[in-house]
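Q: Going left to right, the sequence shown walks through residues 1 to 216 as the working numbering numbers them.
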Amino acid sequence: MGLDVVWAERWVRRTAEVVAEAKDELTELDRQIGDGDHGENLHRGFQAVVAKLDEPDAAERTEVGDVLKLVATTLMSKVGGASGPLYGTAFLRAAKRSARPEVDTSGVVVLLEAALEGVTSRGRAEPGEKTMVDALTPAVEAATAAAAAGQDPVEVLAAAADAAEAGARATVPMVATKGRASYLGERSAGHEDPGARSTALVLGAARDAALAGPDR
Ligand code: ADP
Ligand code: MG
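(1) What is the residue span of the alpha helix (DSSP H) that threonine 144 lies within?
(2) Are there 16 or more other CB atoms within 10 angstroms of the CB of proline 138, so buried, or fewer, so exposed?
(3) State the CB to CB distance for the pair aspartate 3 and glutamate 192, rounded to an integer number of angstroms; the pair is presumed to be in contact (CB under 8 Å).
(4) Between which two residues does the alpha helix (DSSP H) containing arginine 93 stretch?
(5) CB-CB under 6 Å to leucine 70, same chain, minus the five flanking residues each way: which ones, in chain order?
(6) Buried or exposed, going by whether 16 or more other CB atoms sit within 10 Å of the CB of tyrosine 183?
(7) Which whole-angstrom value is the C-beta distance of glycine 45 and leucine 75, which I expect to be below 8 Å?
(8) Please give the ranges of any alpha helix (DSSP H) in the region 149 to 178, keeping only runs that are unbroken, at least 4 residues long and fully inside the region.
(9) Going by the C-beta, is arginine 180 closer than 7 Å to any heavy atom of ligand 2?
(10) Hey, is the region 142 to 161 in contact with the region 117 to 128, meaning 3+ C-beta pairs nearer than 8 Å?
(11) Going by C-alpha distance, which of Trp7, Asp57 and Lys23 is nearest histidine 43?
(12) Across which residues does DSSP place valine 103 in a beta bridge pair?
(13) Leaving out five residues before and five after alanine 147 in sequence, what residues of the same chain have Cβ atoms less than 8 Å from its Cβ?
(14) Just to confirm, are threonine 199 and leucine 136 a CB contact at a threshold of 8 Å?
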C-alpha cells in the first residue's frame, strides 16, 4: 500500500498544525543562537500553504508531487531568511521525484533523499555543522535501512521521523559552522538547532499523516 495525494495533503496540514503549536518553541531556540524568527517564518509559510490548499478553484491535484510542489513554491515566496529557500528547495526536489499518484517504500526513500539533496545543494552544509542537515541525514539513512529490511512506507516514515528527532537532539552540543548561528562560534554549543527541530516536526507530521490513513 502506497502513500497517495490524500496522505500528502494530510502531511502538509498536519505540519501546519504542529508548526503552529511549536511556533514559540522554535522562536525561542532561534532566539538563543539566531535572530528569533524561525517559528514565525515557518508558521507564516505553512499557513499560506494551507490557504492555497483550501482555494476552491485550485487545479485538481492527482500526484503526490503536485502537493509538494505547491508547498515548495509557497514557502519560497512567503518565507524569508535561510529556511525559506532551504525548505522550498527540499520540497521542490521531493516533488520532482514524486510525480505519481502514489509513492511506495522505495518512493519514500527517494523523496527523502531528494529533499536532503535539495538542502545540501542550496546550503552546502555537511553533517555536524548544526543545521537541518543533521536531522535530515540520519532520517534518510534510517529510511534506507528500513526499506532494505522490507518495511512498509509507514514504517519507513516512522523510522525517518525517529531518526530526525534523535538527530535534532544531537545538535545540542554541536558548534554551528553554517548559517546565522555560526556567528556565535563556540557559544552556539548547548542549544538545539531550530532548523533541525523543525525538520523533525515536519517528518513527524509525515509519519502521523500516514498512520492516520484509512488502511491502518
Ligand atoms: P535565518 O537564519 O535567516 O533567520 P531561519 O531562522 O528561518 O532563518 O532558519 C534558521 C535555520 O536554518 C537554522 O537553524 C539551520 O537549521 C538552517 N540553516 C541555516 N543555514 C543553513 C545551511 N547553509 N544549510 C542548512 N541549513 C541551514
Ligand atoms: Mg532566524
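Ideal placement from N, C-alpha and C gives every residue a C-beta, glycine not left out.
Small disclaimer: the values here were computed from a predicted structure and weren't measured.
A: Taking the geometry as given:
(1) To locate residue 144, count along the sequence shown from 1; it is residue 144. First-last of the alpha helix (DSSP H) with threonine 144: 133 to 148.
(2) Working through the sequence shown from its first residue, we reach residue 138 at position 138. Flag for proline 138 reads buried.
(3) Here residue 3 refers to the residue found at position 3 when the sequence shown is read from its first residue. Here residue 192 refers to the residue found at position 192 when the sequence shown is read from its first residue. A small correction: the amino acid at residue 3 is leucine; aspartate does not occupy that position in the sequence shown. Contact flag wrong, Cβ pair sits at about 29 Å.
(4) Locating residue 93 in the sequence shown gives position 93, counting from the first residue. Per DSSP, arginine 93 belongs to the alpha helix (DSSP H) from 83 to 96.
(5) Counted from its first residue, the sequence shown places residue 70 at position 70. Only residues of its own chain outside the window of five on either side were considered, and among them Lys52 have a CB closer than 6 Å to the CB of leucine 70, listed in chain order.
(6) Residue 183 sits at position 183 when you count from the first residue of the sequence shown. Residue environment for tyrosine 183: exposed (fewer than 16 other C-beta atoms within 10 angstroms of its C-beta).
(7) Residue numbering aside, residue 45 sits at position 45 when the sequence shown is read from its first letter. Residue numbering aside, residue 75 sits at position 75 when the sequence shown is read from its first letter. Between glycine 45 and leucine 75 a beta carbon distance of about 5 Å is seen, short of the 8 Å cut, so the two are scored as contacting.
(8) If we require 4 residues or more, the alpha helix (DSSP H) runs fully inside the region 149 to 178 come out as 153 to 169.
(9) What you label residue 180 is simply residue 180 of the sequence shown in a count that begins at 1. Under cutoff, so the answer is yes.
(10) With a cut-off of 8 Å, the region 117 to 128 and the region 142 to 161 do not count as touching, because too few Cβ pairs lie within range.
(11) Here the question's residue 43 lines up with position 43 in the sequence shown. Checking every option, the nearest Cα to that of histidine 43 belongs to Lys23.
(12) To locate residue 103, count along the sequence shown from 1; it is residue 103. Looking at the DSSP output, valine 103 sits in a beta bridge with Leu3.
(13) Residue numbering aside, residue 147 sits at position 147 when the sequence shown is read from its first letter. The answer, listed in chain order, is Thr105, Ser106, Val108, Val109 and Val156.
(14) For the purposes of this step, residue 199 is identified with residue 199 of the sequence shown, where counting begins at 1. For the purposes of this step, residue 136 is identified with residue 136 of the sequence shown, where counting begins at 1. Taking C-beta atoms as the reference points, threonine 199 and leucine 136 count as a pair closer than 8 Å.
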